[in-house]
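A short write-up of the structure that comes next.
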Amino acid sequence: MRRHAIFSSGDFSLTLAQATPVPHIDYRQIVALIRAGDPAGSELLFNTFYRGLRFLAARYCPHLAEDCAQETILAVMQQIERGKIEHPEALPGYVRTILKRIAWDKKKQCERLESEGAAFEKAPDRREDPHRAFEIKQRAEILQCALRTLKPRAREVLRRFYLSGESKEQICQAMNLTETSFRLLKSRSKQMLEEAAARELRRRNPEPARLAFAS
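The sequence shown begins at 1 in the numbering used here and counts up one residue at a time.
Put into structure tokens, the structure is as follows:
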């Protein structure tokens, strides 16, 4: 069976208006502000790229387009903060490269989860399985340990959004966040939680294993 590429050059030329920032944007300024720790830099980066990234990602991962766009912005910010972006004028191409990688990973993740879901539906009822009960208990313990490693602000945004079910507007008002800073804080906090949980899982079980988190 022929395998189609997730992105092609035609995709990007077709969506230049949505996925590529307008020429008057000063990418050097964006990079300089982020390196200096100025919040205006992340706002500029987000406002310049987010809409186009979400539009493009939706063509390949419709249900995860927002996650793809947010994780791309976060990854680019982290690379800028670490001094990895040597040519700011090439920022649009770099952003698209990051999106391609993240979208591909998300696509493969969706395929894997769909496959696991189909297998689960065919599996016998395991609600009384002691091993399954142990797995659920261990997962809860790992998440609790991982949460304790996060800074209070990161824990708060995750608690409000995922556990309390507060809206974006409510969280922004309560935590004095802009919409952009909320999206980035949530994405960064979720990323840190996943990394902390993976470390705790490896500590408890050296064999390869993964924990998946809802978006």
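Quick reminder that beta carbons are idealized off the backbone N, C-alpha and C, glycines included.
Residue closest to residue i, alpha-carbon to alpha-carbon, out of the options
i, options, result
"Glu141", "Arg35, Glu200, Leu99", "Glu200"
"Arg82", "Ala32, Ala69, Lys108", "Ala32"
"Leu99", "Pro152, Thr72, Tyr27", "Thr72"
"Cys172", "Arg183, Leu163, Ala57", "Arg183"
"Leu150", "Met192, Thr48, Arg51, Pro92", "Met192"
"Gly93", "Arg59, Gly52, Ala65", "Gly52"
"Glu156", "Lys137, Ala133, Tyr60, Leu185", "Leu185"
"Leu143", "Ala133, Lys84, Ala197", "Ala197"
"Arg148", "Ser167, Glu194, Thr180", "Glu194"
"Asp67", "Ile25, Ile30, Ile102, Lys137", "Ile102"
"Glu135", "Val95, Asn205, Arg54, Ser164", "Asn205"
"Arg35", "Val76, Gln70, Arg54, Ile25", "Val76"
"Thr48", "Arg160, Arg96, Arg139", "Arg96"
Cβ neighbour criterion (16 or more within 10 Å) applied to residue i
i, result
"Ser42", "buried"
"Gln170", "exposed"
"Thr178", "exposed"
"Phe46", "buried"
"Pro21", "Residue placement at Pro21 is poorly supported in this model, since its pLDDT is 44, which falls under 50; the coordinates still yield a value, given next. Buried, by the Cβ-count rule."
"Lys190", "buried"
"Glu116", "Here the model assigns Glu116 a pLDDT of 48, short of 50, so the residue's position is not dependable and the matter cannot be decided."
"Ile80", "buried"
"Ile30", "buried"
"Leu163", "exposed"
"Ala174", "exposed"
"Ala146", "buried"
"Gln78", "exposed"
"Ala234", "Outside the shown range of the chain (1 to 215) lies residue 234, about which nothing can therefore be said."
"Ala40", "exposed"
Whole-Å CB distance - residue i paired with residue j, under 8 Å assumed
i, j, result
"Arg278", "Leu74", "No statement about residue 278 is possible, as the shown extent of the chain runs from 1 to 215 and does not include it."
"Tyr27", "Glu89", "6 Å"
"Lys106", "Cys61", "5 Å"
Short CB-CB distance (under 8 Å) between residue i and chain D
i, result
"Lys107", "Annotation note: the requested chain D is absent from the structure, which comprises a single protein chain."
Can you list, in chain order, the stretches of the alpha helix (DSSP H) that have 4 or more residues and sit fully within the segment 48-100? 65-81
Every unbroken alpha helix (DSSP H) inside the segment 144-191 [4 residues or more]: 152-158, 168-175
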